[in-house]
Amino acid sequence: MSPIENLSLTCDSANNTFSEGDTIVGMLSFNLTKDTKVKGIFVKAKGDAHVQWSEGSGDDERSYSARKRYFKVKEHLVTEKAEGNVLSKGTHHFKFKMTIPEGNMPSSFKGAHGSIVYKLEAKISRKWRWSTTVEREINFLSKSIRHVCQIKCPQSGSVNKKLGVFSKKEVQMSASVNRDVCSPGDTLSAFAKICNSSSKSMRPKFSLQQRTVYRAGSSTNTTHNTLFKAVGDPIEPNSEITSTCQIEVPQTAIYSIDNCEILSVEYYVKVYLDISFAFDPEVVFPLHLSPRSAASEDLGSDVPCAGPSYSDFCPPAYPNCLNPGAAGPDACEYPAPDPALQVNMPSGFNDRWPTNPTPYGFVAAACESPLPPVVPYGAQQEPPSYMSLFPNNNDASGRGETEKIG
Numbered sequence: 001m002s003p004i005e006n007l008s009l010t011c012d013s014a015n016n017t018f019s020e021g022d023t024i025v026g027m028l029s030f031n032l033t034k035d036t037k038v039k040g041i042f043v044k045a046k047g048d049a050h051v052q053w054s055e056g057s058g059d060d061e062r063s064y065s066a067r068k069r070y071f072k073v074k075e076h077l078v079t080e081k082a083e084g085n086v087l088s089k090g091t092h093h094f095k096f097k098m099t100i101p102e103g104n105m106p107s108s109f110k111g112a113h114g115s116i117v118y119k120l121e122a123k124i125s126r127k128w129r130w131s132t133t134v135e136r137e138i139n140f141l142s143k144s145i146r147h148v149c150q151i152k153c154p155q156s157g158s159v160n161k162k163l164g165v166f167s168k169k170e171v172q173m174s175a176s177v178n179r180d181v182c183s184p185g186d187t188l189s190a191f192a193k194i195c196n197s198s199s200k201s202m203r204p205k206f207s208l209q210q211r212t213v214y215r216a217g218s219s220t221n222t223t224h225n226t227l228f229k230a231v232g233d234p235i236e237p238n239s240e241i242t243s244t245c246q247i248e249v250p251q252t253a254i255y256s257i258d259n260c261e262i263l264s265v266e267y268y269v270k271v272y273l274d275i276s277f278a279f280d281p282e283v284v285f286p287l288h289l290s291p292r293s294a295a296s297e298d299l300g301s302d303v304p305c306a307g308p309s310y311s312d313f314c315p316p317a318y319p320n321c322l323n324p325g326a327a328g329p330d331a332c333e334y335p336a337p338d339p340a341l342q343v344n345m346p347s348g349f350n351d352r353w354p355t356n357p358t359p360y361g362f363v364a365a366a367c368e369s370p371l372p373p374v375v376p377y378g379a380q381q382e383p384p385s386y387m388s389l390f391p392n393n394n395d396a397s398g399r400g401e402t403e404k405i406g
């Protein structure tokens, strides 16, 4: 029976989260039931990525694997000696301090066919005995992840699909999502404008997908996970509607990973039409999940990356549920500019901004102030006289003489 009991590792960190360049401060504790000779005691921190999967079955089964080590640091708490070190009976505490090296390292991750794990490991080695070890995983958050900043850019796209072999009827869909970067727990606003000129009925659908790619040499294994899905109301033949949706990003969603050679985690929003007996037309928007920065929390609402953009999309109301709007004569008009975006414009411009969209959605040219008349060359008059410009320089007698100051 081993005399080593209650072996444990603790870290001086409230949330057990570390990044590149951080210092890990902790303690190794254990109890000895008797005086014990140990060969050495050390603690180490390391980070490794590993992927593994199999394809086929029986004699045709093939296995794929890859491993990547990012760092390993080691500290000896009791220096190894050939003759050993005798530790007395009782409780022992050893403090340690190790610094994670700088570098571009991915965040912690665990998936179906691989993982990125960072951990502490302590080992007590004894001569002619099995070593006693203890491990503790730490949460690693890469500094290379771009944080969600104040500016979040909207995305838009469109797709057309012809239905039938001899028919020229087609379906047109224009879709948009209000940002390309978000954090777990955020809500995205998406909408789709569908013009159905065919004789088929269809439904708009919105989904948030997670795609994980595992790599081993030239082989890859891709898994997809649906994090959110919503279905809109049916679109009748020869009709046009606008469907909106609030897409909720789960709190448990992990951040995007794009700095690991053997695995990556990506997200995308898919807006598509469910059409019976036909390939579904779709528009896909890439999405990056990042930590929320303090700047975005303090500054509040999002700020668009540029001025108002006039696209083929109707202005979404973004309700809390799917709410397709009925088509109308103004359904294809461009949205009017948001008055909130005009508050920082120079004085004099706000009064010239058109209050209503003009036909075809384009903003009419702003009213121009009248310019002074241009005098033709050669028709200019003689310059004005001094007396006409400065009549008050006349003396009290009105003789117009200039007073001399001596």
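In full-length UniProt numbering, the protein residues as written are 1 to 406. Glycine included, each C-beta is placed from N, C-alpha and C at the ideal position.
Item	Value
Delimiting residues of the beta strand (DSSP E) encompassing R292	No beta strand (DSSP E) contains R292, which DSSP labels as neither H nor E.
8 Å Cβ cutoff met for V171 and P281	yes
Where V374 falls, given that 16 or more other Cβ within 10 Å makes a residue buried	In this prediction, V374 has a pLDDT of 48, which is less than 50 and means its spatial position is unreliable; what the coordinates show is noted afterwards. Result: exposed.
Euclidean distance between Cα positions of V117 and S29	23 Å
Cβ-based burial, A253 [other Cβ within 10 Å; buried from 16]	buried
Classification of P250 by the beta-carbon crowding that lies within 10 angstroms, buried from 16 upward	exposed
Among N15, S54, D274 and L120, nearest to V206 - alpha-carbon criterion	Here residue 206 turns out to be Phe, not Val, going by the sequence shown. Comparing Cα positions, the closest option is D274.
Sub-8 Å separation of P234 and S199 beta-carbons	no
Backbone secondary structure at G58 - three-state DSSP	helix
Closest residue to H50 among V271, Y70, R62 and F96 (Cα-Cα distance)	Y70
Residue range of the unbroken beta strand (DSSP E) whose run includes N85	N85 to L87
CB contact flag (Y214, H113, <8 Å)	yes
DSSP three-state assignment for S125, whether helix, strand or coil	strand
Straight-line Cα distance separating S276 from V269	22 Å
Simplified DSSP state of T272, which is helix, strand or coil	The sequence shown places Tyr at residue 272, not Thr. The answer is strand: DSSP assigns Y272 an E or B state.
Given E137 as reference, the closest of P291, C11 and V284 once Cα atoms are compared	C11
Own chain, CB closer than 6 Å to K37, minus 5 neighbours either side, in chain order	G84 and V86
Own chain partners of K46 with C-beta closer than 6 Å, once the 5 adjacent residues on each side are dropped	K72
CB of F140 within 8 Å of CB of F18, strictly	yes
Cut-off 6 Å between Cβ atoms - residues of its own chain near K162, not counting five sequence neighbours on either side	E170
Proximal residues to D330 (C-beta, below 8 Å), its chain only, five neighbours per side dropped	Only weak support exists for where D330 lies, its pLDDT of 42 falling under 50; the value from the coordinates is given anyway. Taken in chain order, the list of residues that qualify is empty.
Where G164 falls: helix, strand or coil (DSSP)	coil
Cβ neighbours of K127 in the same chain (closer than 8 Å, five flanking residues each side left out)	K37, K39 and G84
Spatial distance of L9 from S2 (CA atoms)	18 Å
Alpha-carbon spacing of residue 488 relative to F96, whole angstroms	Residue numbering for the chain in the displayed model covers 1 to 406; residue 488 lies beyond these limits and cannot be assessed.
Opposing strand residues paired with R215 [DSSP bridges]	T220
DSSP beta-bridge partners of A112	Bridge partners of A112: none, in fact.
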